[in-house]
Amino acid sequence: MAGFESSSVERLVDAKGGTISREIFVNETIYRQEQEQIFSRAWLFVGHESQIARPGDFAVSSMGEESVILCRDRGGHIHVFLNSCRHRGMKVCRYDEGNTVEFLCPYHGWSYSTDGQLVGVPYLENSDGGELDTSRWGLIEVAQLENYKGMIFATWDRSAPSFLEYLGGYKLYFDLLVDAWDGREGGTEVIGGIHKWLIPCNWKFPAENFSGDRYHGVSHRSVDMVGLGPSGQGRRDMGERNQSRWLDVSFPDRGHSMIAFLRPHDAPISPSYENAPEVAEYFRRCEEERRRRLGAHWRLFGGPGTMFPNASPLARQPRTIALWNPRGPHQTECWRWYLVDADAPAPVKNFLRQYYTRYSGPSGLTEQDDMENWNYAHAASRGTIARQYPYNYEMGLGRATQSFEDHGLALPGVICDVTNANASESNQRGFYGRWSQFMEAQSWTELMPP
Ligand code: FES
Ligand SMILES: [Fe+2]
Numbered sequence: 175m176a177g178f179e180s181s182s183v184e185r186l187v188d189a190k191g192g193t194i195s196r197e198i199f200v201n202e203t204i205y206r207q208e209q210e211q212i213f214s215r216a217w218l219f220v221g222h223e224s225q226i227a228r229p230g231d232f233a234v235s236s237m238g239e240e241s242v243i244l245c246r247d248r249g250g251h252i253h254v255f256l257n258s259c260r261h262r263g264m265k266v267c268r269y270d271e272g273n274t275v276e277f278l279c280p281y282h283g284w285s286y287s288t289d290g291q292l293v294g295v296p297y298l299e300n301s302d303g304g305e306l307d308t309s310r311w312g313l314i315e316v317a318q319l320e321n322y323k324g325m326i327f328a329t330w331d332r333s334a335p336s337f338l339e340y341l342g343g344y345k346l347y348f349d350l351l352v353d354a355w356d357g358r359e360g361g362t363e364v365i366g367g368i369h370k371w372l373i374p375c376n377w378k379f380p381a382e383n384f385s386g387d388r389y390h391g392v393s394h395r396s397v398d399m400v401g402l403g404p405s406g407q408g409r410r411d412m413g414e415r416n417q418s419r420w421l422d423v424s425f426p427d428r429g430h431s432m433i434a435f436l437r438p439h440d441a442p443i444s445p446s447y448e449n450a451p452e453v454a455e456y457f458r459r460c461e462e463e464r465r466r467r468l469g470a471h472w473r474l475f476g477g478p479g480t481m482f483p484n485a486s487p488l489a490r491q492p493r494t495i496a497l498w499n500p501r502g503p504h505q506t507e508c509w510r511w512y513l514v515d516a517d518a519p520a521p522v523k524n525f526l527r528q529y530y531t532r533y534s535g536p537s538g539l540t541e542q543d544d545m546e547n548w549n550y551a552h553a554a555s556r557g558t559i560a561r562q563y564p565y566n567y568e569m570g571l572g573r574a575t576q577s578f579e580d581h582g583l584a585l586p587g588v589i590c591d592v593t594n595a596n597a598s599e600s601n602q603r604g605f606y607g608r609w610s611q612f613m614e615a616q617s618w619t620e621l622m623p624p
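Its first residue numbered 175, the sequence shown is counted upward by one per residue in the numbering used here.
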C-alpha cells in the first residue's frame with residue numbers, strides 16, 4: 175500500500191482491544207487508500223433487478239466513487255459498466271434511469287450498444303483513425319457480477335472469491351432481507367423510487383451504526399414518544415421482538431454483521447399492525463407459513479446490519495437496503511431501496527410504503543435522528559486536537575461466543591447475547607477488524623486464505 179504503511183493501520187485500529195483513531199474517518203490519504211484497497215476489490219451492492227425489468231432498461235448507480243450503469247441488454251443479460259466513455263472519459267449516461275437501444279456519448283458521439291460494444295464512431299472512415307479496432311474499445315465492464323435473489327452485486331477484481339464465498343455464513347441473515355416474509359426464497363421487489371441524499375460525514379459512520387449499534391436508543395427517544403410505528407406505539411411494532419433473545423451477530427473474517435432476534439421456540443404468533451386489520455391478517459398468515467416452511471429457523475428475525483463494506487440491509491419492517499457511497503472523506507451519498515413481498519396485496523404494500531417513508535430516508539424521522547449524530551460526530555472529530563484522541567469500542571468485550579445454540583437451533587457467526595445488556599460493540603469491532611485486513615492485504619489470497 176503506497177504512501178501508507180500497514181504498521182500505521184495497526185497503530186490506528188485496535189479492533190480487538192476496542193480503540194480506533196479518528197484519523198481513519200478524516201484523513202485524506204487513508205480515504206484514497208480505501209478506494210484502492212477496499213472499493214476496488216470488494217463485492218459491492220449495485221441495485222435490484224426489478225429496476226431493469228425489460229431489455230434495454232438501465233439505471234445509473236455507484237461502486238465506491240465510480241459511476242456505473244446497471245443495464246439489461248437487448249438479449250436480456252444483465253451488465254454493470256463503468257459510466258465513462260473510452261474516448262475521453264465523458265459520462266456516457268447522464269440519466270438516472272430509462273430504456274435505450276444504445277448509449278450515445280454526448281461529447282464526440284461514440285455510441286455503445288446495451289451489451290457494451292463500441293458500435294459507432296463518427297467520421298471514422300474519413301479520418302486517419304480508420305484502423306481503430308472498435309472491438310477493443312467497448313465500455314469497461316465489472317470483473318464479476320452476481321444476481322443474488324434479485325440483488326445485483328459486482329466487483330472490479332477478477333481474483334475476488336465468488337459472491338457466495340464472500341457472503342459466507344452471513345447468507346442466513348442476509349436472506350432475512352431478500353426472502354419473502356413467509357419464508358419463500360426470493361420473492362421481494364423494490365417499491366417506489368430510490369431515496370438519494372448527501373450527508374456531511376465519512377461513509378463509515380452510517381456503515382458502523384447499521385452494523386449493530388443497539389446502544390443509541392436515547393437518540394430515538396422522540397420518535398418513540400411520537401409513536402411513529404404502524405400501531406402508534408414506539409417506532410416499530412414489536413411483535414417478533416417480544417420475549418426474544420437479542421443477538422449481535424458478526425462475521426469478523428468477512429466484515430458482515432447484523433442485529434438479530436430469536437423468538438422462544440414455543441412462542442405464540444404475536445399480534446402486530448392491529449389498527450390495520452388487512453395488514454395484520456397478512457403478516458399473521460405469513461408467520462404461520464414461515465413456521466411450516468423454515469422449521470426451527472422460523473424463530474430467527476433480522477434487524478439492521480452491514481454487509482462489508484458499505485451496504486446496510488435492514489431485514490425487518492421497514493425492510494430496506496442502504497448504500498453508503500464515499501464522496502471524499504467528509505461526505506457520503508446515501509441511497510436507500512425499499513423492499514416488500516412482491517405478491518403482497520396492494521393495500522399492504524401501500525401501508526408499508528407510508529411507514530417506510532415516515533421512518534427512513536431523508537424524510538424519515540428515525541433516520542434524521544441518526545444523521546444528526548453522524549454529521550456532528552464527524553465535524554467534531556476533524557480538528558487537530560480532536561484527532562489525537564481515539565474513539566472507544568469496548569462495550570461487551572470478551573462476551574461473544576462462536577458456538578451459539580438455543581433449543582437445538584445452532585446459529586453461525588460470532589454472537590453476543592445482549593438480551594439483558596443491550597450494549598455490545600462486538601459487531602463494530604468485527605467491521606473495523608476486517609477494514610484493517612483490507613487496508614493491509616496485498617491480495618485476495620491474504621484476505622481469504624484457501
Ligand atoms: S468523450 Fe465520448 S466520444 Fe469523445
Ligand atoms: Fe438509529
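The beta-carbon is built from N, C-alpha and C at its ideal position, and this holds for glycine as well.
- In this structure residue 410 is buried. Its beta-carbon is surrounded by 16 or more other beta-carbon atoms within 10 angstroms.
- Going by DSSP, residue 277 is part of the beta strand (DSSP E) stretching over 276-278.
- Residue 347 and residue 610 have their C-alpha atoms spaced approximately 24 Å apart.
- Residue environment for residue 521: exposed (fewer than 16 other C-beta atoms within 10 angstroms of its C-beta).
- Taking C-beta atoms under 8 Å as the contact rule, residue 422 and residue 598 qualify, at a distance of about 5 Å.
- For the set 473, 618, 604, the Cα lying nearest the Cα of residue 579 is the one of 473.
- In this structure, residue 238 keeps its C-beta atom at 8 Å or more from the C-beta atom of residue 384.
- In the displayed model, residue 397 falls within a helix according to three-state DSSP.
- Relative to ligand 1, residue 279 has its C-beta within less than 7 Å of a heavy atom.
- Under the 8 Å Cβ criterion, the stretch 548-568 does not count as touching the stretch 390-407, having fewer than three qualifying pairs.
- Scanning its chain for C-beta atoms nearer than 7 Å, with the 5 sequence neighbours on each side dropped, one finds around residue 582 the residues 470, in chain order.
- Per DSSP, the unbroken beta strand (DSSP E) holding residue 579 starts and ends at 578-580.
- With a beta-carbon spacing of about 21 Å, residue 391 and residue 604 fall beyond the 8 Å limit used to define contacts.
- Looking only at 601, 231, 486, 308, the smallest Cα-Cα distance to residue 426 is reached by 601.
- For residue 509, there is no enclosing alpha helix (DSSP H); the enclosing beta strand (DSSP E) has its first and last residue at 506-515.
- Shown here, residue 349 sits in a helix according to DSSP, grouped into three states.
- Per DSSP, residue 615 is not a residue of any beta strand (DSSP E), being assigned neither H nor E.
- Counting every other CB atom within 10 Å of its CB across the protein chains shown gives residue 253 a total of 16 or more, marking it as buried.
- Assignment of residue 239 by DSSP, reduced to helix, strand and coil, places it in the coil class.
- With contacts defined as CB atoms closer than 8 Å, residue 570 and residue 424 fail to qualify as a contacting pair.
- Separation of residue 552 and residue 195 (C-alpha to C-alpha, rounded to the nearest whole angstrom) is 13 Å.
- Not a single heavy atom of ligand 1 lies less than 7 Å from the C-beta of residue 311.
- In this structure, residue 390 has its CB closer than 7 Å to one or more heavy atoms of ligand 2.
- Beyond the five residues adjoining it in sequence on each side, residue 231 comes within less than 8 Å, by CB distance, of 225, 245, 246, 271, 272, 273 in the same chain, given in chain order.
- Taking C-beta separations shorter than 7 Å and ignoring five residues to either side along the sequence, the partners of residue 458 in its chain run 443, following chain order.
- If you draw a straight line from the Cα of residue 594 to the Cα of residue 420, it comes to about 8 Å.
- At a threshold of 7 Å, residue 262 counts as near ligand 1, since its beta carbon sits closer than that to one of the ligand's heavy atoms.
- Shortest Cα-Cα distance from residue 229 to any of 280, 206, 275 involves 275.
- Distances between the C-beta of residue 540 and the heavy atoms of ligand 2 include at least one below 7 Å.
- Check the Cα spacing between residue 211 and each of 266, 483, 322: the tightest is with 483.
- If you check the C-beta of residue 282 against ligand 1, you find a heavy atom less than 7 Å away.
- The continuous beta strand (DSSP E) containing residue 320 extends over residues 318-322.
- For residue 329, the enclosing beta strand (DSSP E) has its first and last residue at 325-329.
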